[in-house]
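Notes follow the structure.
Residue numbers (mature numbering (1 follows the signal peptide of the UniProt record, and there is no 0)): -24 to -1, 1 to 148.
Shown next as structure tokens:
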């Protein structure tokens, strides 16, 4: 029994030794695509564009909120001095503005998500050829997206993010 275990262990060691040269031929790299987006010049432009759109929508939403607050304030001040019909009319106006605000928020969120998808998708289409170019030029067999591949650890020496950012900036 002991001899069988020794033979199996030796066979395992031999198989691992045979696999080592094949593994040594593979060249693997990682890239932090999120960092390429946030640190590259084109990525910064896209992020600024999305920020401007988001700020504009936030300002528009704030204006609607202020209008509703003014209507509610007006209703609170006048509810004892106006007729019941006018009170009902004012409440209806407030409800209409609340509905408009909810619709605006939903539409704005949808528009922002679509803009983000479109802009980041376009950026990805620009980044992928550069990643491929770096991979081919430097002889990489595999390139993993650092944080979306299930990768737990990677030595900084195999990180090509800085080279991709530099090439992406000069390609523009």
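Even glycine gets a Cβ: it sits at the ideal position worked out from N, Cα and C.
What does DSSP give as the partner residues of residue i in its beta bridges?
| i | result |
| --- | --- |
| residue 121 | 7 |
| residue 135 | 6 |
Exposed or buried, what is residue i when buried is set at 16 or more other beta-carbons lying within 10 Å of its beta-carbon?
| i | result |
| --- | --- |
| residue 136 | buried |
| residue 98 | exposed |
| residue 46 | exposed |
| residue 16 | buried |
| residue 6 | buried |
| residue 9 | buried |
| residue 122 | buried |
| residue 103 | buried |
| residue 131 | exposed |
Quick one: what's got a C-beta closer than 7 Å to residue i's C-beta in the same chain, skipping five residues either side?
| i | result |
| --- | --- |
| residue 57 | none |
| residue 110 | 136, 139, 140 and 143 |
| residue 127 | 6 and 120 |
| residue 55 | 63 |
| residue 116 | 3, 4 and 5 |
| residue 94 | none |
Between the options, which lies nearest to residue i when the distance is taken from Cα to Cα?
| i | options | result |
| --- | --- | --- |
| residue 148 | 3, 18 and 11 | 18 |
| residue 92 | 21, 138, 1 and 106 | 21 |
| residue 107 | 96, 120 and 95 | 120 |
| residue 14 | 27, 112, 84 and 44 | 27 |
| residue 11 | 129, 117 and 96 | 96 |
| residue 79 | 54, 61, 145 and 33 | 33 |
| residue 70 | 24, 118 and 49 | 49 |
| residue 31 | 112, 105, 85 and 125 | 85 |
| residue 38 | 61, 65 and 77 | 77 |
Grab me the residues of residue i's own chain with a C-beta within less than 8 Å of its C-beta, minus the 5 sequence neighbours each way, in chain order.
| i | result |
| --- | --- |
| residue 73 | 40, 43, 44 and 47 |
| residue 23 | 13 and 14 |
Excluding five sequence neighbours on each side, which residues of the same chain lie with their C-beta closer than 6 Å to the C-beta of residue i?
| i | result |
| --- | --- |
| residue 145 | 16 and 17 |
| residue 118 | 4 |
Whole alpha helix (DSSP H) runs in the region 32 to 76 with 4 or more residues, listed along the chain?
none
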